[in-house]
Amino acid sequence: MKTTTAKPKSDAFAAIHSAAQGLHRTGAITKTTLREYDALCLDSIPEFNAKDIKRIREQAHVSQPVFARYLNTSESTVQKWEAGQKRPSGMALRLLSVIEKHGLEVLV
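Per this note's numbering, the very first residue in the sequence shown carries number 25; after that it's consecutive.
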């Protein structure tokens with residue numbers, strides 16, 4: 025059972041997290057304890073401000089409507105993110121992080 029999709033901070037943290045998952049599967053540690061290992065071992069999703077989102081989109085060389093389609097959201101939402109009126113959350117943050125690191129092509 026995979027508890028999160030976050031990437032481990034390092035190979036050492038990956039090994040620790042894998043061991044904790046094994047202990048949880050055998051009942052040696054509780055789900056609460058496993059979540060504590062998740063918080064310790066896994067990278068958190070970064071927050072993006074309006075300038076960051078615009079920079080990511082412009083580096084991908086796409087318009088707001090095209091960017092919105094890739095993120096499965098509305099053009100209005102992308103406009104509000106870039107204007108600082110709304111902040112992305114959840115899956116949108118994860119996708120922005122992936123696009124920032126690997127480019128828009130990774131979603132195609």
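Built from N, CA and C at the ideal position, the CB exists for glycine as well.
Quiz prompt | Backbone CA spacing between K55 and C65 [nearest angstrom] | solution = 15 Å
- Message: Tell me the DSSP secondary structure of L95 in three-state form.
- Response: coil
Taking contact to mean 3 or more Cβ pairs, one atom from each stretch, closer than 8 Å, check whether the segment 106-114 and the segment 63-80 are in contact.
yes
Q.
In this structure, how does DSSP classify P32 when only helix, strand and coil are distinguished?
A. strand
Cβ of V102 within 8 Å of Cβ of Q88?
yes
- [ ] Using DSSP bridges, identify the partner residues of L66.
- [x] P32
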